[in-house]
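Peer 1: Pasting a structure below so you can have a look.
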Amino acid sequence: MKVTTISNFRKDSKKYFDQVIDDQDVLLITRTDGSTIVAMPLEQYNSKVETDYLLGNKNNAKRLRRGFADAASGNVSSHAISE
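Written as structure tokens, this is what we have:
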């Protein structure tokens, strides 16, 4: 994660945007009033939004976590795909 001031960002915004895209990393842009803006690649933002949505439902989050735990412990099975 990189951090810059709004003044530096204004001077060279193209460089900062290129860095965000090339590094697939987040950029924090701090303002003089203490607030901060986040710049990130669209794919990363979309992934975060989808994750938040999927984990936003308590039952769905529980099922997903159980599935991840099962997969990590090797508790998986194979099934044929039927048409």
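For the sequence shown, my numbering begins at 3 and goes up steadily by one. All C-beta atoms, glycine included, are put in the ideal place defined by N, C-alpha and C. Note that the structure is a prediction, hence the values are computed from the model and not measured.
1) From S15 to T53, what distance separates their C-alpha atoms?
2) Using C-beta distances below 8 Å, list every residue in its chain close to L66, excluding the 5 sequence neighbours before and after it, in chain order.
3) May I ask you to report which of helix, strand or coil DSSP gives A41?
4) Quick one: Cα of M3 to Cα of L29, how far?
5) Write down the C-beta distance between I23 and I31 rounded to the nearest angstrom, noting that I regard them as a contact closer than 8 Å.
Peer 2: The short version:
1) For the purposes of this step, residue 15 is taken as the residue at position 13 of the sequence shown. For the purposes of this step, residue 53 is taken as the residue at position 51 of the sequence shown. Approximately 29 Å between the Cα atoms of the pair.
2) Residue mapping note: residue 66 aligns to position 64 of the sequence shown, counting from 1. Result list for L66: L56 and L57, in chain order.
3) Residue mapping note: residue 41 aligns to position 39 of the sequence shown, counting from 1. A41 falls in the strand class under three-state DSSP.
4) In the sequence shown, counting from the first residue as 1, residue 3 sits at position 1. In the sequence shown, counting from the first residue as 1, residue 29 sits at position 27. M3 and L29: Cα-Cα distance of roughly 6 Å.
5) The residue given as residue 23 occupies position 21 in the sequence shown. The residue given as residue 31 occupies position 29 in the sequence shown. About 15 Å separates the two Cβ atoms, so there is no contact after all.
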